[in-house]
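**Student:** Numbering-wise (our numbering), the sequence shown opens with residue 296 and increments by one.
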Amino acid sequence: MKKKKKNSSASFCRRCARCCSYFCIEIDTPETRGDYDDLAWILAHRNVAIHVIGKTWQLMVHNRCRHLSKKEGCLIYDKRPRICRKHVPGSCEQDQKHRHDYDEVSHIFRTIEELLAYRDGEMRKKRKKAAKRRRRRA
Ligand code: SF4
Ligand code: SF4
296 MKKKKKNSSA
306 SFCRRCARCC
316 SYFCIEIDTP
326 ETRGDYDDLA
336 WILAHRNVAI
346 HVIGKTWQLM
356 VHNRCRHLSK
366 KEGCLIYDKR
376 PRICRKHVPG
386 SCEQDQKHRH
396 DYDEVSHIFR
406 TIEELLAYRD
416 GEMRKKRKKA
426 AKRRRRRA
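This is the structure we're talking about:
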């Protein structure tokens with residue numbers, strides 16, 4: 296019989312409740328000025344940010360779960376959703392072993408200005424590439 300591995304990562308859980316205080320959803324990578332404008336609308340709201348990890352864009356919503364008690368316990372523990380059940384306490388950015396997950400975030404946009412500065416940079420790069428292609432064809 297295989298010996299069950301002890302889950303050592305659980306000991307890293309600091310009971311900070313951060314994992315019950317936000318959620319992330321993957322969003323489409325913006326391509327056009329209109330796409331960036333739609334994201335700017337999202338950033339106009341409070342407690343949201345946009346993260347870029349590699350080529351993946353994510354909407355980050357900082358919002359405490361309504362079932363988190365004042366003492367940072369889950370009030371619906373036996374009926375908590377699947378995502379909560381799958382989460383291994385301690386396997387998060389608070390744990391040094393998993394810190395790399397957070398380090399992979401290449402951009403964080405918290406304001407419209409940050410996003411539009413990035414957009415302008417990307418558009419400039421696109422224009423330069425297109426001009427280069429045109430010169431090669433000429
Ligand atoms: S799993 Fe991580 S984020 Fe969640 S309570 Fe524990 S240390 Fe905090
Ligand atoms: S349901 Fe419970 S475990 Fe899930 S996010 Fe809310 S407080 Fe945390």
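Note that CB positions come from ideal geometry on N, CA and C, so glycine has one too.
Tell me the residue span of the alpha helix (DSSP H) that contains Leu338.
**Tutor:** Taking the sequence shown and counting its residues from 1, one reaches residue 338 at position 43. Leu338 -> alpha helix (DSSP H) spans Arg328 to Leu338.
**Student:** Tell me, please, whether the region 352 to 371 touches the region 310 to 322 by the rule of three or more beta-carbon pairs shorter than 8 Å.
**Tutor:** The region 352 to 371 is in contact with the region 310 to 322.
**Student:** By a C-beta neighbour count over all protein chains shown, 10 Å radius and 16 as the cutoff for buried, is Tyr372 buried or exposed?
**Tutor:** Here residue 372 is taken as the residue at index 77 of the sequence shown, counted from 1. Classification for Tyr372: exposed.
**Student:** Hey, how far is the Cα of Ile337 from the Cα of Lys374?
**Tutor:** Residue 337 sits at position 42 when you count from the first residue of the sequence shown. Residue 374 sits at position 79 when you count from the first residue of the sequence shown. The alpha-carbon atoms of Ile337 and Lys374 are separated by roughly 31 Å.
**Student:** In three-state terms, what does DSSP make of Glu321?
**Tutor:** Taking the sequence shown and counting its residues from 1, the one referred to as residue 321 is at position 26. It is a strand residue.
**Student:** Can you tell me where the alpha helix (DSSP H) holding Ala412 begins and where it ends?
**Tutor:** Mapped onto the sequence shown, residue 412 falls at position 117. Here the alpha helix (DSSP H) through Ala412 covers Ile407 to Arg432.
**Student:** By a C-beta neighbour count over all protein chains shown, 10 Å radius and 16 as the cutoff for buried, is Ser364 buried or exposed?
**Tutor:** Here residue 364 is taken as the residue at index 69 of the sequence shown, counted from 1. Result: exposed.
**Student:** If we count the other Cβ atoms within 10 Å of its Cβ and call it buried at 16 or more, is Pro325 buried or exposed?
**Tutor:** Taking the first residue of the sequence shown as position 1, residue 325 is located at position 30. Buried, since its Cβ has 16 or more Cβ neighbours within 10 Å.
**Student:** List the whole-angstrom C-beta distance separating Cys454 from Cys314, where the pair is believed to meet the contact cut-off of C-beta under 8 Å.
**Tutor:** Residue 454 lies beyond the stretch modelled for the chain, which goes from 296 to 433, so this question has no answer here.
**Student:** Looking at Leu363 and ligand 3, is the gap between the Cβ and the nearest heavy atom below 7 Å?
**Tutor:** With respect to ligand 3, the structure offers nothing, as its ligand set consists of ligand 1 and ligand 2.
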